[in-house]
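Participant: Residue numbers (this note's numbering), protein chains in the order written: chain A, 3 to 286; chain B, 1283 to 1601. Mind looking over this structure? Questions follow.
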Amino acid sequence: MTPEELSELKLLAAKIRRDILVMLEKAGSGHLGGSMSIVELMSVLYGRRLSYDPKNPRWEGRDRVVLSKGHAGPAWYSALAESGFFDREMLLTLNQGGTNLPSHPDRTKTPGVDMTTGSLGQGTSTAAGIATALRMKGSDRRVYLIVGDGELNEGQCWEAFQYIAHYKLNNCVVIIDWNKRQLDGPLEEVINPFDIAEKMRAFGFAVETVDGQDIEALDAALDRAEAVTDSATCVVLDTVKGAGVPFFETYPGNHSVKFFDPACREAADAAIAELNAYIEGSEA
Amino acid sequence: MFTLAKDRTKKGAELRDVMVDSIEQAMELDERVVALEADLGGASRFTNIAKKYPRRFIQCGIAEANMIGVAAGMSSEGYHPFTHTFGPFSTRRVFDQIFLSGAYAHNTINIFGSDPGFCVGINGGTHTTWEDMALMRSIPGAIVCDPADETQMRWIVAEYAKLEGIHYIRANRKDVRNVYEPGSTFEFGKGNLLRDGSDALIIACGQLVSEALDAAEALAEQGVDCSVVDTFCVKPLDEQLVLEQAAGKKLVVTFENHGVIGGLGDAVAATLAEAGAGVKLVRHGVKERFGQVGDPAWLQRDFHLTADDLVNTVKEGLS
């Protein structure tokens, strides 16, 4: 990755991060923590790796994305808006009655959303089905499956992982957002997942753990994951819930933030101003 | 158009073979059709599909939730999947997957739940479903069918393969008596008037349609004249036919290999009540009981789902 390419992806990440904060503050509440932890992933996917046509969202030659941790929809919507799938203005309709941007992604409503998710665990199987279908069609496109670490509590994930590994569906890139916290607290206190990478290895995946907030490292890890030919493939992203805004990184309720708390509004406003300054500086 | 079987005592082919044959025919006509199994391919004979169309058969193992999700994902890529496992695992166990990954996401899944109700035999209570139609009826837009015989099953599968949406079909794996002549055709949302009578109306679905016809013949010998309607399509229900046939009758009896909550009986009850039909209704089905082991014929008697039981219900209802 050239320094210019890296700057572009950092700029895109800043825009996605800003958009998340703007739309959640406007909506009054929302899943901030798990949206922020996948900002760099979204930047790398939409800024560099994915094949897509925003004017033809169902283009057969596109790569597919399944955000199984559907509550992080705002991160996806920001990436889609910044990639031209729809106007940024639409982001401000998040969760309003009649919106095309519901809290959890809906393939029947939002351009660029390939699968409806929200009931945790289910996206793992639908992504497996998409990978099966792509292989059956002889397509060389991939499906990027983004799974939460708390989501791994769901048994269905492990059914799907068995299936993906058994059929060596390496066209399904499994990406686990290991942001360490779920709604009720740290993973270890809610339901301990133990060593996620080891578990995936035991299930038959080629696994790599990488700093999920480091754009270059993440991109390089995806290069290696996609080069795997003899087994299923998985990248565990070592991330921070609420990443990018120190206040939210340590805020206990960062899974779903309520913006009636003045401290949350102040932190969001300050971060938005800072990100806007960075974005303007980069684009100047 | 349908024609009643010339010989109602004759059994057809095993319904699992009819299902496999029907899916294979659909596969021949349409390359979008695929079949998924949850490690019951020997029981359903879906393994025969694997032999004929190895690339279009997907073994999902004993992981029903994943199977439904895989089917939904394939549908989003344009495929028309058929899935099979036993009735309770096809519905109760995977309800949220069918509801969200399937229906809510506008995907297409054709779901075959085998051995409903007393057909379960020695697999027993854990493998019994008296509530599969109740669950599936509650899904917006879903079609729910309980075929009376092999001819009806063939027609349903061929039509399901062409449609988009969530479609459920429940049936015995084994052979059942013929109700229709081969080549008969049907319509979703339309019931079939099999016998026109004046005293009572019997509305049945599934293999119990044969028993309903037996009961109507027995009742006729005792001077009770019954209409018999086959509502193989439990959802959408042919409300018009139900109301037309209920008009002027002293009694309506629904008869199903299912619980009385949420199945055919409740569908007919709602239709009659909302229309203010004012006719007495008895829902003949299973009430507040779980399944159990036993051979199917014994179970059918123990759960009071024989023609004789229906005769008694009609006579009591009219008395």
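Idealized CB from N, CA, C, for every residue including glycine. Keep in mind the model is a prediction, meaning the values are calculated, not measured.
Rounded to the nearest angstrom, what separates L82/A and L13/A at their Cα positions?
Facilitator: For the purposes of this step, residue 82/A is taken as the residue at position 80 of the first sequence. For the purposes of this step, residue 13/A is taken as the residue at position 11 of the first sequence. For L82/A and L13/A, the distance between alpha carbons rounds to 15 Å.
Participant: Going along chain A in order, which residues have a C-beta closer than 9 Å to the C-beta of R1337/B?
Facilitator: Indexing the second sequence from 1 puts residue 1337/B at position 55. Neighbours of R1337/B on chain A, chain order: M138.
Participant: Closest by CA to G63/A, which one among Y280/A, G283/A and G140/A?
Facilitator: Residue 63/A sits at position 61 when you count from the first residue of the first sequence. Residue nearest to G63/A within the set Y280/A, G283/A and G140/A is G140/A (criterion: CA-CA distance).
Participant: Which same chain residues end up closer than 6 Å to D1584/B when comparing Cβ atoms and leaving out the 5 residues on each side of it in sequence?
Facilitator: The sequence position of residue 1584/B within the second sequence is 302, counting from 1. Correct list: empty, nothing qualifies.
Participant: Which chain B residues sit within Cβ distance under 9 Å of A162/A?
Facilitator: Position 160 of the first sequence holds residue 162/A. Per Cβ cutoff of 9 Å: A1345, A1347, N1348, G1351 and V1352.
Participant: For N227/A, which option in F207/A, D213/A and A245/A has the closest C-alpha, if you only look at C-alpha atoms?
Facilitator: Locating residue 227/A in the first sequence gives position 225, where the first residue counts as 1. The question names Asn, but residue 227/A is Ala in the sequence shown. The closest CA to that of A227/A, considering only F207/A, D213/A and A245/A, is found on F207/A.
Participant: Indicate whether at least one CB of chain A lies closer than 8 Å to the CB of A1443/B.
Facilitator: Position 161 of the second sequence holds residue 1443/B. In terms of beta-carbon proximity, A1443/B stays away from the interface with chain A, with every pair separated by 8 Å or more.
Participant: Using a Cβ distance threshold of 8 Å, determine whether the region 1398–1417 of chain B contacts the region 1536–1553 of chain B, with at least three qualifying pairs required.
Facilitator: yes
Participant: For D142/A, return the contacting residues in chain B, with the cut-off set at a CB-CB distance below 7 Å.
Facilitator: By one-based count along the first sequence, residue 142/A stands at place 140. Under the 7 Å cutoff, chain B gives no residues; its nearest Cβ is about 14 Å from D142/A.
Participant: Going by DSSP, name the residue or residues bridged to G1488/B.
Facilitator: Within the second sequence, the letter at position 206 stands for residue 1488/B. Among the bridge pairs identified by DSSP, G1488/B is matched with none.
Participant: So with CB distances below 8 Å, who are the chain A contacts of H1540/B?
Facilitator: Residue mapping note: residue 1540/B aligns to position 258 of the second sequence, counting from 1. Near H1540/B there are no residues of chain A at all, since even the closest Cβ is about 27 Å away, more than 8 Å.
Participant: Tell me, please, whether the region 129–148 of chain A touches the region 171–188 of chain A by the rule of three or more beta-carbon pairs shorter than 8 Å.
Facilitator: In short, these stretches touch, since the Cβ pair count reaches three.
Participant: For the alpha helix (DSSP H) that S80/A lies in, which residues bound it at each end?
Facilitator: Your numbering for residue 80/A matches position 78 in the first sequence. S80/A: member of the alpha helix (DSSP H) spanning G75 to E84, first to last residue.
Participant: Kindly list the residues whose CB is nearer than 6 Å to the CB of D186/A, restricted to its own chain and excluding five residues on each side of it in sequence; keep chain order.
Facilitator: As a position in the first sequence, residue 186/A is number 184, starting the count at 1. V192, listed in sequence order.
Participant: If I measure Cβ to Cβ from F88/A and keep anything under 7 Å in the same chain, skipping five residues before and after, which residues do I get?
Facilitator: Sequence index remark: in the first sequence, residue 88/A carries index 86 (1-based). L82 and P113.
Participant: Pick helix, strand or coil for K260/A, following the three-state DSSP scheme.
Facilitator: For the purposes of this step, residue 260/A is identified with residue 258 of the first sequence, where counting begins at 1. Strand, per DSSP.
Participant: Taking just the CA atoms, how far does N58/A sit from V1300/B?
Facilitator: Translated into positions along the second sequence, residue 1300/B becomes position 18. Translated into positions along the first sequence, residue 58/A becomes position 56. Cα to Cα, V1300/B sits roughly 42 Å from N58/A.
Participant: Which same chain residues end up closer than 6 Å to R1565/B when comparing Cβ atoms and leaving out the 5 residues on each side of it in sequence?
Facilitator: Counting from one through the second sequence, the residue named residue 1565/B turns up at place 283. Closer than 6 Å at the Cβ level, and outside the excluded window around R1565/B, lie T1536, V1542 and G1547.
Participant: So who's on the other strand from F1394/B, going by DSSP bridges?
Facilitator: Indexing the second sequence from 1 puts residue 1394/B at position 112. The partner list for F1394/B (beta bridge, DSSP) reads H1366/B and I1451/B.
Participant: Using Cβ-Cβ distances below 9 Å, what residues of the region 106–128 of chain A are close to chain B?
Facilitator: D108, R109, T110, D116, M117, T118, T119, G120, S121, G123, Q124, G125, T126, S127 and T128
Participant: Using a beta-carbon distance below 8 Å, is G206/A in contact with chain B?
Facilitator: Taking the first sequence and counting its residues from 1, the one referred to as residue 206/A is at position 204. Closer than 8 Å to the CB of G206/A there is not a single CB belonging to chain B.
Participant: Would you identify the three-state DSSP class for V1596/B, choosing helix, strand or coil?
Facilitator: Position 314 of the second sequence, counted from the first residue, corresponds to residue 1596/B. Reduced to three states, the DSSP call for V1596/B is helix.
Participant: Is it the case that the Cβ atoms of V1568/B and I1484/B are separated by a distance below 8 Å?
Facilitator: Looking up residue 1568/B in the second sequence gives position 286. Looking up residue 1484/B in the second sequence gives position 202. Their beta carbons are not under 8 Å apart, which means V1568/B does not touch I1484/B by this criterion.
Participant: Decide if R1337/B is buried, meaning its Cβ has at least 16 other Cβ atoms within 10 Å, or exposed.
Facilitator: Sequence index remark: in the second sequence, residue 1337/B carries index 55 (1-based). Residue environment: R1337/B is assigned as exposed (fewer than 16 neighbouring CB atoms within 10 Å of its CB, all protein chains considered).
Participant: Buried or exposed for E1570/B, please, with buried defined as at least 16 other CB atoms from any protein chain shown within 10 angstroms of its CB.
Facilitator: Taking the second sequence and counting its residues from 1, the one referred to as residue 1570/B is at position 288. Burial call: exposed.
Participant: Bridge partners of F207/A, per DSSP?
Facilitator: For the purposes of this step, residue 207/A is identified with residue 205 of the first sequence, where counting begins at 1. Paired residue(s): A234/A.
Participant: Are the beta-carbon atoms of L1495/B and V1510/B separated by less than 8 Å?
Facilitator: Position 213 of the second sequence, counting from 1, holds the residue named residue 1495/B. Position 228 of the second sequence, counting from 1, holds the residue named residue 1510/B. Result yes, Cβ atoms of L1495/B and V1510/B sit closer than 8 Å.
Participant: Answer yes or no: do V1593/B and K1562/B have a C-beta to C-beta separation smaller than 8 Å?
Facilitator: On the second sequence, position 311 is the one that residue 1593/B refers to. On the second sequence, position 280 is the one that residue 1562/B refers to. No, these two residues do not count as a Cβ contact at 8 Å.
Participant: Quick one: Cα of R1374/B to Cα of G1395/B, how far?
Facilitator: Taking the second sequence and counting its residues from 1, one reaches residue 1374/B at position 92. Taking the second sequence and counting its residues from 1, one reaches residue 1395/B at position 113. Taking the straight line joining both Cα atoms gives about 10 Å.
Participant: So, M1349/B versus L1318/B, is the Cβ gap smaller than 8 Å?
Facilitator: As a first step, residue 1349/B is located in the second sequence; it is residue number 67 there, counting from the start. As a first step, residue 1318/B is located in the second sequence; it is residue number 36 there, counting from the start. Their beta carbons are under 8 Å apart, which means M1349/B touches L1318/B by this criterion.
Participant: Closer than 8 Å, CB to CB, is C1508/B near chain A or not?
Facilitator: Within the second sequence, residue 1508/B is the residue found at index 226, counting from 1. Not closer than 8 Å to any Cβ of chain A, the Cβ of C1508/B fails to qualify, so no.
Participant: If you measure between the beta carbons of P1422/B and F1470/B, is that distance less than 8 Å?
Facilitator: Within the second sequence, the letter at position 140 stands for residue 1422/B. Within the second sequence, the letter at position 188 stands for residue 1470/B. No.
Participant: Can you tell which of E210/A, G100/A and F262/A has the C-alpha that lies nearest to the C-alpha of D240/A?
Facilitator: Here residue 240/A corresponds to residue number 238 of the first sequence, with the count starting at 1. Looking at the Cα atoms, E210/A is the closest of the given residues.
Participant: Taking CB distances under 8 Å as the criterion, tell me whether I148/A reaches chain B.
Facilitator: Along the first sequence, read from residue 1 onward, the residue named residue 148/A stands at position 146. It does not: the Cβ of I148/A has no partner Cβ on chain B nearer than 8 Å.
Participant: Apart from the five residues just before and just after K1292/B, which ones in its own chain have a Cβ nearer than 6 Å to its Cβ?
Facilitator: Taking the second sequence and counting its residues from 1, the one referred to as residue 1292/B is at position 10. Cβ neighbours of K1292/B beyond the five flanking positions: N1460.
Participant: Check this for me: beta carbons of T1365/B and I1393/B, under 8 Å apart or not?
Facilitator: For this step, residue 1365/B is matched to residue 83 along the second sequence. For this step, residue 1393/B is matched to residue 111 along the second sequence. Yes, they are a contact pair.
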